[in-house]
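Student:
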Ligand code: PLP
């Protein structure tokens with residue numbers, strides 16, 4: 006048996022590293038391929054090259070808190086991007102932190118919350134944990150927020166209405182005109198919380214941000230995030246747009262301060278417009294490929310406006326999930342009462358190709 010120099014070196018490296026590393030390397034060689042994770046509505050194209058470079062440059066400063074000046078610089082850049090004033094911007098460790106802070110304000114100030122069903126639950130879960138009464142109003146037959154029914158659910162005790170537009174998990178969206186008319190019909194003591202985490206992926210006519218409403222008569226908070234289009238979900242940066250008095254109360258209700266890497270990455274990402282539009286174009290192209298295949302397979306789906314698609318698998322979701330998992334694809338959880346529907350996140354182009362192959366096989370199994 007002849008052993009070359011490279012084999013000898015790697016064998017001695019293994020011996021030096023000890024048994025734990027040799028076992029890890031051995032099992033890595035034999036382990037099955039990693040599953041494709043399409044269940045968390047992440048965007049695998051990000052962070053942008055500019056955001057990555059900003060993080061790399063800042064690693065050594067992980068021992069520092071971000072300065073007030075650079076947080077202000079980020080708020081000013083967000084304000085320019087949104088066409089508003091920095092006094093209207095509140096940053097958070099993900100928009101999720103701000104949803105929780107809003108729930109905290111509702112709990113402190115008293116009153117109940119109305120939300121659609123199904124919808125994103127971070128605000129309502131947190132509110133319920135604080136003892137806030139929560140009323141869920143089923144989405145309509147088109148799986149869109151049922152605004153007349155939500156209006157009918159208002160009571161004198163209602164403190165806030167949560168509108169997720171586009172909605173997670175259904176992916177459906179309401180035109181800005183409908184949201185505007187709804188908010189204008191609310192009593193002035195009811196805060197409208199409009200979560201636009203996925204608005205950057207919307208393409209339907211008149212589906213756009215209602216951030217301009219924050220300057221109107223009615224109290225409105227609009228939430229945006231760097232987790233979706235910017236592909237920075239793991240870095241935790243989001244923001245709210247609202248009038249200065251509420252912005253101040255929201256700032257005080259936050260639980261933590263932003264981390265320096267997220268602040269710098271977000272600042273850099275905002276200016277990386279060509280990367281962001283390339284990302285968006287790839288995700289929209291994949292979204293169209295998925296809906297075309299769903300039509301070919303005669304599977305119903307809700308018109309998608311986010312970076313995910315909600316569709317009827319035609320079988321109990323547990324069975325579909327198991328079939329997809331056996332083919333190496335992890336899909337979203339069950340969203341009652343849509344027990345045969347699945348939410349699939351739009352991954353990279355190869356991941357979408359693998360998903361479509363697994364979908365065809367699972368539906369025809
Ligand atoms: N809002 C919606 C509708 C979401 O789906 C999510 C996360 O998936 C969030 C907010 C929270 O995002 P962030 O990562 O900014 O906390």
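Numbering (my numbering), first residue to last: 6 to 370.
All C-beta atoms, glycine included, are put in the ideal place defined by N, C-alpha and C.
With DSSP as the reference, please indicate the residues paired to residue 335 in a beta bridge.
Tutor: Residue numbering aside, residue 335 sits at position 330 when the chain shown is read from its first letter. 42.
Student: Cα separation between residue 299 and residue 305?
Tutor: Here residue 299 corresponds to residue number 294 of the chain shown, with the count starting at 1. Here residue 305 corresponds to residue number 300 of the chain shown, with the count starting at 1. Roughly 7 Å separates the two Cα atoms.
Student: Is residue 130 near the ligand PLP, in the sense that its beta carbon is under 7 Å from a heavy atom of that ligand?
Tutor: Position 125 of the chain shown, counted from the start, is the residue given in the question as residue 130. For the ligand PLP, not one heavy atom lies less than 7 Å from the Cβ of residue 130.
Student: Report buried or exposed for residue 291, applying the criterion of at least 16 other Cβ atoms within 10 angstroms of its Cβ.
Tutor: For this step, residue 291 is matched to residue 286 along the chain shown. Residue 291 comes out buried.
Student: So, is residue 152 buried or exposed, given that buried needs 16 or more other C-beta atoms within 10 angstroms?
Tutor: Working through the chain shown from its first residue, we reach residue 152 at position 147. Label assigned to residue 152: buried.
Student: From what residue to what residue does the beta strand (DSSP E) around residue 143 run?
Tutor: Your numbering for residue 143 matches position 138 in the chain shown. It spans 139-143 - the beta strand (DSSP E) in which residue 143 sits, taken as one unbroken run.
Student: Determine the direct distance from the alpha carbon of residue 144 to that of residue 110, and round the result to whole angstroms.
Tutor: As a first step, residue 110 is located in the chain shown; it is residue number 105 there, counting from the start. As a first step, residue 144 is located in the chain shown; it is residue number 139 there, counting from the start. Looking at the two C-alpha atoms, the distance is approximately 26 Å.
Student: Whether or not the region 136-143 and the region 275-290 are in contact is what I'm after, with contact meaning three or more pairs of Cβ atoms, one per stretch, closer than 8 Å; do they touch?
Tutor: No, the region 275-290 does not touch the region 136-143.
Student: Find the nearest neighbour of residue 96 within the set 346, 367, 343, 258, judged by alpha-carbon distance.
Tutor: Looking up residue 96 in the chain shown gives position 91. Out of 346, 367, 343, 258, 258 has the C-alpha closest to the C-alpha of residue 96.
Student: Have a look at residue 32 and residue 334 and give me their C-alpha separation to the nearest angstrom.
Tutor: The residue labelled residue 32 in the question sits at position 27 within the chain shown. The residue labelled residue 334 in the question sits at position 329 within the chain shown. Confidence is the limiting factor: at residue 32 the pLDDT is only 37, short of 50, which leaves the residue's position unreliable, though a coordinate-based value still follows. Taking the straight line from one Cα to the other gives about 21 Å.
Student: Could you tell me whether the Cβ atoms of residue 262 and residue 93 are closer together than 8 Å?
Tutor: Locating residue 262 in the chain shown gives position 257, where the first residue counts as 1. Locating residue 93 in the chain shown gives position 88, where the first residue counts as 1. No, Cβ-Cβ distance for residue 262 and residue 93 is not below 8 Å.
Student: For residue 123, which of 361, 169, 233 has the nearest alpha-carbon?
Tutor: As a first step, residue 123 is located in the chain shown; it is residue number 118 there, counting from the start. The candidate whose alpha carbon is nearest that of residue 123 is 169.
Student: Between the alpha carbons of residue 363 and residue 163, how many angstroms are there, rounded?
Tutor: To locate residue 363, count along the chain shown from 1; it is residue 358. To locate residue 163, count along the chain shown from 1; it is residue 158. Approximately 45 Å, taken between the alpha carbons.
Student: Just tell me which of 359, 133, 213, 161 has its CA closest to the CA of residue 171.
Tutor: Counted from its first residue, the chain shown places residue 171 at position 166. Answer by Cα proximity: 213.
Student: Can you check which of these residues, 87, 91, 69, is closest to residue 78 by C-alpha distance?
Tutor: Within the chain shown, the letter at position 73 stands for residue 78. Ranking 87, 91, 69 by Cα distance to residue 78 puts 91 first.
Student: Suppose only complete runs of 4+ residues qualify. What are the alpha helix (DSSP H) ranges in the region 295-370, listed by chain order?
Tutor: Segments of the alpha helix (DSSP H) lying fully in the region 295-370: 322-331, 354-368.
Student: Check whether the Cβ atoms of residue 245 and residue 228 sit closer than 8 Å, and answer yes or no.
Tutor: Walking along the chain shown from the start, residue 245 turns up at place 240. Walking along the chain shown from the start, residue 228 turns up at place 223. It is a contact, given that the beta carbons lie within the stated cut-off.
Student: Between 200, 278, 191, which has its C-alpha nearest residue 103's C-alpha?
Tutor: Here the question's residue 103 lines up with position 98 in the chain shown. It is 200.
Student: Is residue 198 closer than 8 Å to residue 126 when the C-beta atoms are compared?
Tutor: Numbered from its first residue, the chain shown carries residue 126 at position 121. Numbered from its first residue, the chain shown carries residue 198 at position 193. Result no, Cβ atoms of residue 126 and residue 198 do not sit closer than 8 Å.
Student: Between which two residues does the beta strand (DSSP E) carrying residue 50 extend?
Tutor: On the chain shown, position 45 is the one that residue 50 refers to. No beta strand (DSSP E) contains residue 50, which DSSP labels as neither H nor E.
Student: May I ask whether a heavy atom of the ligand PLP can be found less than 7 Å away from the beta carbon of residue 68?
Tutor: Walking along the chain shown from the start, residue 68 turns up at place 63. Every heavy atom of the ligand PLP is 7 Å or more from the Cβ of residue 68, so no.
Student: What does the alpha-carbon distance come out to for the pair residue 288 and residue 74?
Tutor: Position 283 of the chain shown, counting from 1, holds the residue named residue 288. Position 69 of the chain shown, counting from 1, holds the residue named residue 74. Looking at the two C-alpha atoms, the distance is approximately 35 Å.
Student: Give every residue of the same chain whose Cβ lies closer than 6 Å to the Cβ of residue 350, excluding the five residues on either side of it in the sequence, and list them in chain order.
Tutor: One-based indexing of the chain shown puts residue 350 at position 345. Only 43, 46, 313 meet the Cβ criterion.
Student: Let's see if you can read the secondary structure: which residues bound the beta strand (DSSP E) around residue 243?
Tutor: The residue given as residue 243 occupies position 238 in the chain shown. Here the beta strand (DSSP E) through residue 243 covers 243-246.
Student: By how many angstroms is the C-alpha of residue 120 removed from the C-alpha of residue 267?
Tutor: Here residue 267 corresponds to residue number 262 of the chain shown, with the count starting at 1. Here residue 120 corresponds to residue number 115 of the chain shown, with the count starting at 1. One C-alpha to the other measures close to 30 Å.
Student: State the Cα-Cα distance for the pair residue 367 and residue 329, rounded to the nearest angstrom.
Tutor: Reading the chain shown from its first residue, position 362 is the one you call residue 367. Reading the chain shown from its first residue, position 324 is the one you call residue 329. In a straight line, the C-alpha of residue 367 is about 6 Å away from that of residue 329.
Student: Is residue 154 near the ligand PLP, in the sense that its beta carbon is under 7 Å from a heavy atom of that ligand?
Tutor: The residue given as residue 154 occupies position 149 in the chain shown. Residue 154: no, Cβ never under 7 Å from the ligand PLP.
Student: On the criterion of 16 or more Cβ atoms from any shown chain inside 10 Å, does residue 71 qualify as buried, or is it exposed?
Tutor: On the chain shown, position 66 is the one that residue 71 refers to. So residue 71 ends up on the buried side.
Student: Under the rule that 16 or more other beta-carbon atoms within 10 Å means buried, what is residue 211, buried or exposed?
Tutor: Along the chain shown, read from residue 1 onward, the residue named residue 211 stands at position 206. So residue 211 counts as exposed.
Student: With burial defined as no fewer than 16 other Cβ atoms inside 10 Å of the residue's Cβ, what is the status of residue 173: buried or exposed?
Tutor: One-based indexing of the chain shown puts residue 173 at position 168. So residue 173 ends up on the buried side.
Student: Considering only the alpha carbon of each residue, which of 209, 203, 215, 202 lies closest to residue 189?
Tutor: Numbered from 1 along the chain shown, position 184 holds the residue referred to as residue 189. Cα-wise, what sits closest to residue 189 is 215.
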